[in-house]
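Colleague: One structure, as structure tokens, below. Some questions next.
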Amino acid sequence: MLASILILLSAIGVIGANSLLLSPLVTAVGSELQVSAAQVMQAASAYGLGVAAAALVLAPLGDRFGAGRLLRAALVVLTFGLAASAWAPNLAALIAAQALCGLAAGAALPSIYTLAITIAPKGREAQTMGAVLTGWTVSLVLGVSAGAWLTDLAGWRAVYTALAVGTALLWLLSSGLRQLGTSGNPGTSPLTALRVPGMARGLLATVMLMLGFYLTYFFIGAHVTVALGLSTTKAGLIPLFYGVGFGLAVLLDPLLDRLGLARATAPVFLAISLIYLGMATLTESFHAMLMIAVVWGIVQHLGLNLLVARLTALDPSQRGAIMGLYSTATYLCIFAVPVLGDQAYARWGLAGCLAISALLCLIEAVESLSLRRATSMAPVASDAPV
5 MLASILILLS AIGVIGANSL LLSPLVTAVG SELQVSAAQV MQAASAYGLG VAAAALVLAP
65 LGDRFGAGRL LRAALVVLTF GLAASAWAPN LAALIAAQAL CGLAAGAALP SIYTLAITIA
125 PKGREAQTMG AVLTGWTVSL VLGVSAGAWL TDLAGWRAVY TALAVGTALL WLLSSGLRQL
185 GTSGNPGTSP LTALRVPGMA RGLLATVMLM LGFYLTYFFI GAHVTVALGL STTKAGLIPL
245 FYGVGFGLAV LLDPLLDRLG LARATAPVFL AISLIYLGMA TLTESFHAML MIAVVWGIVQ
305 HLGLNLLVAR LTALDPSQRG AIMGLYSTAT YLCIFAVPVL GDQAYARWGL AGCLAISALL
365 CLIEAVESLS LRRATSMAPV ASDAPV
């Protein structure tokens, strides 16, 4: 099981690194391709659209053919997409390559979450999922930092080449996952997943958590550099401290297994809401924001773990389709936040964004109180809708 967890964790790390890398590499990429930074970021938009489309359309194939098979196919496509990014001769080629990477990521992420539940020992589901989720910490803390260092050393194309090689290696190592994650349900689709009892409320929980997170995450850097007048390097420390907290939270995941989904969800979302409120009172102190970012990462990890647990428990025979809807909802939130958040940030600054984030998570804490009436207290692996 440890080897499988490491493979799934690393797959998230590669996917996350690709999704986060373009922002710090934008100047180097734009300079070589002779385009503006805004034009380079069109490749990031293409990636996001690819993820949303694939998560909606391709993720249900994991229920029919097996999440393991779909993940391995996605890793092949991702390898080609990353290699094409490394060798892109112009902006159009880079956009097309990143769109291909997005399609692969949209199929891979739901498969990874499904496989994490599949391989988890009974009673240790949250702990196993938490270990796999630390792949986001790897991508945030190691992937982006190492990518920036390698860019200075050998150029941005070397970064994508290294990611392509790493992804190909993961494909070779993942042969043992090939037969896992098959539900035997050939009729799954986004429409059948939407009809699963509890799915609408599960998607509401997704939107509340993700809108709250990205509404703050997208504008905290601008606050540090513009409002506080600090450097971009210092602004980058907040995601770094957040990532450290996200990784440390794996030590608390066994507590979720003991408490169960029903008892843990409302307190965790209430804690996230309180963290946002606490940050809103500390926006003028950079060092205080750094410290609270660690706690933010911890509670966000726990909230994400519980959210994935809630969704995968709704109908094990449609986990691929359900997690596809989850990924689609997440990326739609990412698209919505720049428009919605820009208005809030312009009027009220980061404190306003934090207040809205706190309200969203408080709403979800209230909604999740009804989970206490669920028949199963296990965080995952329950066939009963919650």
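Under the working numbering, the residue at position 370 of the sequence shown is numbered 374, and the numbers go up by one with no gaps. Glycine included, C-beta positions come from ideal geometry on N, C-alpha and C. Remember, predicted model here, so these are calculated numbers, not experimental data.
(1) Heavy atom of the ligand GTP less than 7 Å from the Cβ of A63, yes or no?
(2) Where I276 and Q38 are concerned, what is the direct C-alpha to C-alpha distance, given to the nearest angstrom?
(3) Who are the near neighbours of G48 in its chain, counting only those whose CB is closer than 6 Å to its CB and skipping five residues on each side?
(4) Write down every uninterrupted run of the alpha helix (DSSP H) in the region 159-224 whose length is 4 residues or greater and which is fully enclosed by it, in chain order.
(5) Would you mind listing the alpha helix (DSSP H) stretches within the region 268-351 that are 4+ residues and don't spill past its ends, in chain order?
(6) Do L315 and G216 count as a contact pair if the criterion is CB distance below 8 Å?
(7) Comparing alpha-carbon positions, which option in S179, V142, Y335 and Q304 lies nearest L75?
(8) Could you check what DSSP says for N94 in three-state terms: helix, strand or coil?
(9) Out of V145, G247 and T141, state which residue places its alpha-carbon closest to the alpha-carbon of A297.
(10) Helix, strand or coil, according to DSSP, for P389 in the structure here?
(11) Which class does K126 belong to by DSSP, given the choice of helix, strand or coil?
(12) Could you pull the start and end residues of the alpha helix (DSSP H) that G251 belongs to?
(13) Determine the closest residue to V80 out of T332, A172, T141 and F250, with distance taken between C-alpha atoms.
(14) Leaving aside the five residues before and after A362 along the sequence, list all residues of the same chain whose C-beta is less than 6 Å from its C-beta, in chain order.
(15) Quick check: the Cα distance between I9 and R351, rounded to an integer number of angstroms?
(16) For L286, which residues of its own chain have a beta-carbon under 8 Å away from its beta-carbon, when the five flanking residues on both sides are left out?
(17) Do L29 and G151 count as a contact pair if the criterion is CB distance below 8 Å?
(18) Should the region 212-232 be called in touch with the region 345-359, which here means at least 3 C-beta pairs below 8 Å?
(19) Which ranges would you report for the beta strand (DSSP E) in the region 57-115 if only whole runs of at least 3 residues count?
Modeller: The relevant details are as follows:
(1) The ligand GTP is not part of this structure, which contains no ligands at all.
(2) By one-based count along the sequence shown, residue 276 stands at place 272. By one-based count along the sequence shown, residue 38 stands at place 34. I276 and Q38: Cα-Cα distance of roughly 43 Å.
(3) As a working note, residue 48 is residue 44 in the sequence shown. The displayed chain sequence assigns Ala, not Gly, to residue 48. L26.
(4) 160-177 and 194-198
(5) Every unbroken stretch of the alpha helix (DSSP H) spanning 4 or more residues and falling wholly within the region 268-351 is given here in chain order: 290-316.
(6) If you number the sequence shown from 1, residue 216 lands on position 212. If you number the sequence shown from 1, residue 315 lands on position 311. No.
(7) Against the sequence shown, residue 75 aligns to sequence position 71. When only C-alpha atoms are compared, the closest one is S179.
(8) The residue you call residue 94 lines up with position 90 of the sequence shown. Coil, per DSSP.
(9) As a working mapping, residue 297 is identified with position 293 in the sequence shown. Of the candidates V145, G247 and T141, the one whose C-alpha sits nearest the C-alpha of A297 is G247.
(10) Numbered from its first residue, the sequence shown carries residue 389 at position 385. Per-residue confidence for P389 stands at a pLDDT of 26, beneath the threshold of 50, marking its modelled position as unreliable; the derived number appears in the next sentence. Note: P389 maps to coil in three-state DSSP.
(11) If you number the sequence shown from 1, residue 126 lands on position 122. It is coil, neither helix nor strand.
(12) Translated into positions along the sequence shown, residue 251 becomes position 247. For G251, the uninterrupted alpha helix (DSSP H) segment begins and ends at L241 to L252.
(13) Taking the first residue of the sequence shown as position 1, residue 80 is located at position 76. Of T332, A172, T141 and F250, the residue nearest in Cα terms is A172.
(14) Numbered from 1 along the sequence shown, position 358 holds the residue referred to as residue 362. Excluding positions up to five away in sequence, the list reads S277, Y280 and L281.
(15) Stepping through the sequence shown from its first residue, residue 9 is reached at position 5. Stepping through the sequence shown from its first residue, residue 351 is reached at position 347. Their backbone Cα atoms lie some 44 Å apart in a straight line.
(16) On the sequence shown, position 282 is the one that residue 286 refers to. Closer than 8 Å at Cβ, skipping near neighbours: A292, M293 and I296.
(17) Taking the sequence shown and counting its residues from 1, the one referred to as residue 151 is at position 147. Taking the sequence shown and counting its residues from 1, the one referred to as residue 29 is at position 25. Their beta carbons are under 8 Å apart, which means G151 touches L29 by this criterion.
(18) Judged by Cβ distances under 8 Å, the region 212-232 makes contact with the region 345-359, as three or more pairs qualify.
(19) none
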